[in-house]
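Novice:
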Amino acid sequence: MMAIVLTTQAVWAQTPHTASKQVQLVFAGDTTLDSTPGALIKKGGDPLQAFGELFAQADVRLLNLECVVATTGKAVPKHYTFRAHPRVLQTLKRHVDGVTLANNHSGDYGRAAFAEMLTLLSSHQIAQAGGGMNLREAHTPWMVEKNGLRIAILSYNEFMPRSYEADSHAPGVAWSEDEQVVDDIRRARSIHRADVVLPFMHWGWENEPTANPRQRALAKKMIEAGADAVVGGHPHVTQDIELYQGKPIIYSVGNFVMKETDNPQQRAGWVLRLNIDATGVHAFDTHVARINHQGVPSYDKQAPSPCWQRPWGQERQCVAGSRPDK
Ligand SMILES: [Zn+2]
Numbered sequence: 002m003m004a005i006v007l008t009t010q011a012v013w014a015q016t017p018h019t020a021s022k023q024v025q026l027v028f029a030g031d032t033t034l035d036s037t038p039g040a041l042i043k044k045g046g047d048p049l050q051a052f053g054e055l056f057a058q059a060d061v062r063l064l065n066l067e068c069v070v071a072t073t074g075k076a077v078p079k080h081y082t083f084r085a086h087p088r089v090l091q092t093l094k095r096h097v098d099g100v101t102l103a104n105n106h107s108g109d110y111g112r113a114a115f116a117e118m119l120t121l122l123s124s125h126q127i128a129q130a131g132g133g134m135n136l137r138e139a140h141t142p143w144m145v146e147k148n149g150l151r152i153a154i155l156s157y158n159e160f161m162p163r164s165y166e167a168d169s170h171a172p173g174v175a176w177s178e179d180e181q182v183v184d185d186i187r188r189a190r191s192i193h194r195a196d197v198v199l200p201f202m203h204w205g206w207e208n209e210p211t212a213n214p215r216q217r218a219l220a221k222k223m224i225e226a227g228a229d230a231v232v233g234g235h236p237h238v239t240q241d242i243e244l245y246q247g248k249p250i251i252y253s254v255g256n257f258v259m260k261e262t263d264n265p266q267q268r269a270g271w272v273l274r275l276n277i278d279a280t281g282v283h284a285f286d287t288h289v290a291r292i293n294h295q296g297v298p299s300y301d302k303q304a305p306s307p308c309w310q311r312p313w314g315q316e317r318q319c320v321a322g323s324r325p326d327k
């Protein structure tokens, strides 16, 4: 059987642009800026450079920041702990508007270091979702208003340790307790007046190419509660995609900037692009990041990777090929 491979441009050209309010959102996966990527930044390099143009063309840009950015704190007893120098925020600021923080590394140096990161992000005017000085803040969406659309971005972790979770008076991340997630999604619409709600999840088993039953069940629950798409990361590899009630579930986009990899699958991630209007996500495509042994991605424009648009019942394969249009 011959696979259908479309160029990204073809997909975008076919997408009906009937609605006036259009927003393009780009999300990159697990980004750890200590170690060699941090050293590259210190030398004046930029580990995100290969995707600079893709970020620049989008209206809203974010990634999962899988480390703490701080000068203080002490590593918690754990196999891998990641802390990046505050200088990396200048580089991040060049490419993204915000980060998701609900993951299993943002608390690696304790609560005070996490709080320091929140202050540093805010002073660099980098927004964040999934973190807060207390539980309420961690569950408050990052509201983005672009081209007349209000988008709520939520972020949750469900990979241990749970000790990184925010408390009523202590800084930390949002944990994905089902009822709380459902309530947050509903409140994003009712209280924060969101037109579009996007939860970003940190979940799944590492190195598994397909989502587990827990991911599938929660994703569907989130869509039933009103999420317009569900996007995940953490397994270090990309996972399968599902369409549920016409809404995409991209279970894992895999790594983006990551030194700690131990197999070739971990060195290929997707940068995800969502096309959004008032009716939700009406198309997406993915762009393949090939991550070298220093943890730095390059943009593979020849590799086919998933894309979708309404009313397709499932995703197809696209190649980025020529320069993506807007
Ligand atoms: Zn993780």
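Number 327 marks the last residue of the sequence shown (the working numbering); no jumps. Where a beta carbon is used, it is the ideal one built from N, C-alpha and C, also for glycine.
Under a CB-based cut-off of 8 Å, is N208 close to chain B?
Specialist: Checking the listed chains, one finds no chain B in this structure; it contains a single protein chain.
Novice: Going by DSSP, name the residue or residues bridged to S299.
Specialist: On the sequence shown, position 298 is the one that residue 299 refers to. DSSP output for S299 lists R291 as bridge partner(s).
Novice: Any heavy atom of ligand 3 within a distance shorter than 7 Å of the CB on N208?
Specialist: This structure simply doesn't include ligand 3; it includes ligand 1 instead.
Novice: Could you tell me the alpha carbon to alpha carbon distance between D184 and F83, rounded to whole angstroms?
Specialist: Position 183 of the sequence shown, counted from the first residue, corresponds to residue 184. Position 82 of the sequence shown, counted from the first residue, corresponds to residue 83. For D184 and F83, the distance between alpha carbons rounds to 32 Å.
Novice: Is it true that the segment 134-144 meets the segment 166-173, where meeting means three or more beta-carbon pairs spaced less than 8 Å apart?
Specialist: These segments touch.
Novice: Going by beta-carbon coordinates alone, are G270 and G39 separated by less than 8 Å?
Specialist: Here residue 270 refers to the residue found at position 269 of the sequence shown. Here residue 39 refers to the residue found at position 38 of the sequence shown. No; because the gap between Cβ atoms is not below 8 Å, this pair is not in contact.
Novice: Am I right that F52 and P298 are in contact with their C-beta atoms under 8 Å? What's the rounded C-beta distance?
Specialist: Counted from its first residue, the sequence shown places residue 52 at position 51. Counted from its first residue, the sequence shown places residue 298 at position 297. That belief holds up - the Cβ atoms of F52 and P298 are roughly 7 Å apart, short of 8 Å.
Novice: Tell me whether the beta-carbon of I152 lies closer than 8 Å to the beta-carbon of I277.
Specialist: Here the question's residue 152 lines up with position 151 in the sequence shown. Here the question's residue 277 lines up with position 276 in the sequence shown. Their beta carbons are under 8 Å apart, which means I152 touches I277 by this criterion.
Novice: Does any heavy atom of ligand 1 sit closer than 7 Å to the C-beta of F28?
Specialist: On the sequence shown, position 27 is the one that residue 28 refers to. Flag unset: Cβ of F28 not near ligand 1.
Novice: So what does DSSP say about R311, is it helix, strand or coil?
Specialist: Working through the sequence shown from its first residue, we reach residue 311 at position 310. DSSP places R311 in coil when its eight states are reduced to three.
Novice: Take D98 and list the residues in its own chain whose beta-carbon comes closer than 8 Å to its own, dropping the five residues that flank it on each side.
Specialist: Residue 98 sits at position 97 when you count from the first residue of the sequence shown. Once the five neighbours on either side are set aside, the close Cβ partners of D98 are V61, R62, L63, I127, A128, V145.
Novice: In its own chain, which residues sit with a C-beta less than 8 Å from the C-beta of M223, not counting the 5 before and 5 after it?
Specialist: Taking the sequence shown and counting its residues from 1, the one referred to as residue 223 is at position 222. Cβ within range, chain order: V182, V183, I186, P200, V231.
Novice: Residue range of the beta strand (DSSP E) that V182 falls in?
Specialist: Sequence index remark: in the sequence shown, residue 182 carries index 181 (1-based). Run containing V182: none in the beta strand (DSSP E); it sits in the alpha helix (DSSP H), 179-191.
Novice: Roughly how many angstroms separate the alpha carbons of S123 and N65, rounded to a whole number?
Specialist: Numbered from 1 along the sequence shown, position 122 holds the residue referred to as residue 123. Numbered from 1 along the sequence shown, position 64 holds the residue referred to as residue 65. Whole-angstrom Cα-Cα distance: 16 Å.
Novice: Closer than 7 Å to a non-hydrogen atom of ligand 1 - does that hold for the CB of D301?
Specialist: Sequence index remark: in the sequence shown, residue 301 carries index 300 (1-based). No, Cβ of D301 sits at least 7 Å from all heavy atoms of ligand 1.
Novice: From this set, R311, H235, M118, R88, which residue's C-alpha is nearest K43's C-alpha?
Specialist: Translated into the one-based positions of the sequence shown, residue 43 becomes position 42. Checking every option, the nearest Cα to that of K43 belongs to R88.
Novice: What do you reckon, are the CB atoms on T32 and F257 nearer than 8 Å?
Specialist: To locate residue 32, count along the sequence shown from 1; it is residue 31. To locate residue 257, count along the sequence shown from 1; it is residue 256. Their beta carbons are under 8 Å apart, which means T32 touches F257 by this criterion.
Novice: Where do the N-terminal and C-terminal ends of the alpha helix (DSSP H) with G111 fall, by residue?
Specialist: In the sequence shown, the residue the question calls residue 111 occupies position 110. Residues 111-124.
Novice: Can we count N276 as close to ligand 1, meaning its CB is less than 7 Å from some heavy atom?
Specialist: Start at 1 with the first residue of the sequence shown, and residue 276 comes out as number 275. False, no ligand heavy atom lies under 7 Å from that Cβ.
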